[in-house]
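Trainee:
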Amino acid sequence: MTYVSNDPDNTYVNDPAWWPFLVWTRAYSNAAVVASVVVVYDWALTFGQEFELVWKQRLSLINLLFISVRYVGILYAIISFLGNFFYSFQTWTPVVVNAMLAVIMTTRIYAMFQQSKPILIFLIVALLASTIASGVMLGIGNIGISGKEFVLSGYHICLVQIDTYRMNLNHEMVIPIAIWEILAFLLAVWIVILRFYEMRQTRSGSTIGDCFTMLIKSHAWYFLAFAAVACFNIGDLAPGLRHSTTVADDIYAGALRIARVLQMFVLGPRLILSIREYHSKLVTRSDGGINMTAIAFQALRHRSTSSDMELDTIQSTNPV
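Quick note, the sequence shown lines up with residues 0 to 319 if you use numbering that gives the first Met the number 0.
1) Where does residue 279 land, buried or exposed, given buried means 16+ other C-beta within 10 angstroms?
2) By the three-class DSSP mapping on this structure, what secondary structure does residue 156 have?
3) Do three or more CB pairs link the region 171-184 to the region 116-134 at distances below 8 Å?
4) Can you tell me the Cα-Cα spacing of residue 88 and residue 200, whole angstroms?
5) For residue 272 and residue 92, what's the separation of their Cα atoms in angstroms?
6) Please classify residue 282 as buried or exposed, where buried requires at least 16 neighbouring CB atoms within 10 angstroms.
7) Do you know how far the Cα of residue 268 is from the Cα of residue 96?
8) Helix, strand or coil for residue 298, going by three-state DSSP, please let me know.
9) Where does residue 219 land, buried or exposed, given buried means 16+ other C-beta within 10 angstroms?
10) Quick check on residue 114: buried or exposed, where buried means 16 or more other Cβ atoms within 10 Å of its Cβ?
11) Within 10 angstroms of the Cβ of residue 105, are there 16 or more other Cβ atoms? Answer buried if so, exposed if not.
12) Can you have a look at residue 232 and say buried or exposed, based on whether 16 or more other CB atoms are within 10 angstroms of its CB?
13) Classify residue 35: buried if its beta carbon has 16 or more other beta carbons within 10 angstroms, exposed otherwise.
14) Whole angstroms are fine: how far does the CA of residue 99 sit from the CA of residue 116?
15) Are the C-beta atoms of residue 190 and some chain C residue less than 8 Å apart?
16) Kindly list the residues whose CB is nearer than 6 Å to the CB of residue 53, restricted to its own chain and excluding five residues on each side of it in sequence; keep chain order.
17) Along the chain, which unbroken stretches of the alpha helix (DSSP H) at least 4 residues long are found entirely within the region 27-114?
18) How is the alpha helix (DSSP H) around residue 120 delimited, first residue to last?
19) Taking Cβ to Cβ, would you say residue 165 is nearer than 8 Å to residue 140?
20) Can you give the beta carbon distance from residue 226 to residue 111, rounded, assuming they're within the 8 Å contact cut?
21) Pick out whichever of 44, 229, 183 and 77 has its Cα sitting closest to the Cα of residue 215.
22) Assign residue 234 to one of three DSSP states: helix, strand, or coil.
23) With a CB to CB cut of under 7 Å and the five nearest residues on each side skipped, what residues in its chain are close to residue 42?
24) Suppose contacts are defined by Cβ-Cβ distances below 8 Å. Is residue 224 in contact with residue 266 by that definition?
25) Would residue 160 be called buried (16 or more neighbouring beta carbons within 10 Å of its own) or exposed?
26) Alpha carbon to alpha carbon, how far is residue 323 from residue 30?
27) Using 8 Å for Cβ pairs, my map puts residue 255 next to residue 228. What's the rounded Cβ distance?
28) Can you tell me the Cα-Cα spacing of residue 38 and residue 85, whole angstroms?
29) Would a C-beta distance cut-off of 8 Å place residue 209 and residue 26 closer than the cut-off?
This is how it looks when you write it as structure tokens:
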């Protein structure tokens, strides 16, 4: 039986038909707990590296992006416990964070292509196009939405009222980002294959090979996580999944939530930590007197009174 209270802000429902939805909600909340634990655990696990490789370094754009992604992730994890009360923050965070991670990825690819200006322009134009398209789709998808508190069999739940068209846009907004990610990954794979081919021809540069292997490995894990998120989002457009409250749907929704957090807030920051840790070890080994081809990611700072942009570049020197 359903009845409406005298309070215009709440709708009290006591109907067994809603019980599967309550089970689904609890399972989704459990996935939020798992995702939050993963983010906090990864932060605690890598904080020593973060302090040495980021906090103790000179302030730069890359450092600011890393700190923003890392601590927005912790805030996102905490807010996820509050359900839909911070709906706008939870909705817009993936677009903003993916844009910041794309800037980090752009600097890596720009460095791998030895600071090729055409590649940089192409990446920036593609990134702007994908980010603007995703932002517009998300903005249209959330115009005029409203939330209302329901009390379902004693459980207080805030539900967002949104039509099917707008809900589709909220899932489809990942498509422009996915196009950029695919382009970036293909460029990274292409330059790595090209560099390895050149090394086979010259029979030199083993350390260069190690560096590019590390770069593509971290990029590949990140790309796989993003691909999983994109596939989950697109798959969620299926009416059979969207309107289902079965156990399979519980698992699907939970997997999407966990994969999204892993991609943005675990593997995303590791794009920076991995290369800086590699550079730190390389410097340590070089200081120890080992003859090697030195590859270092250096700061290329544009002299400007308004900004100080750091780009990671590759510098190679001949063995001593």
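Just so you know, even glycine gets a beta-carbon here, dropped at the ideal spot from N, CA and C.
Mentor: A quick look at the data gives this:
1) exposed
2) strand
3) yes
4) 51 Å
5) Spanning the two alpha carbons is a distance of roughly 22 Å.
6) exposed
7) Here the alpha carbons of residue 268 and residue 96 stand approximately 11 Å from one another.
8) Bear in mind that a pLDDT of 35 at residue 298, under 50, signals an unreliable position, so the number given afterwards is only what the model happens to contain. In the three-state reduction of the DSSP assignment, residue 298 falls in the strand class, which pools E and B.
9) exposed
10) With fewer than 16 other beta carbons inside 10 angstroms of its own, residue 114 counts as exposed.
11) buried
12) That one is buried.
13) buried
14) 20 Å
15) The displayed structure is made up of one protein chain only, and chain C is not part of it.
16) The residues are 62 and 65.
17) 60-78 and 86-111
18) 116-140
19) yes
20) Going by Cβ atoms, the distance from residue 226 to residue 111 rounds to 20 Å, so no, they are not a contact pair.
21) 183
22) helix
23) 69 and 73
24) yes
25) exposed
26) For residue 323 there is no data in the structure shown, the boundaries of the chain being 0 and 319.
27) Contact between residue 255 and residue 228 holds, since their C-beta atoms are separated by about 7 Å, short of 8 Å.
28) 19 Å
29) no
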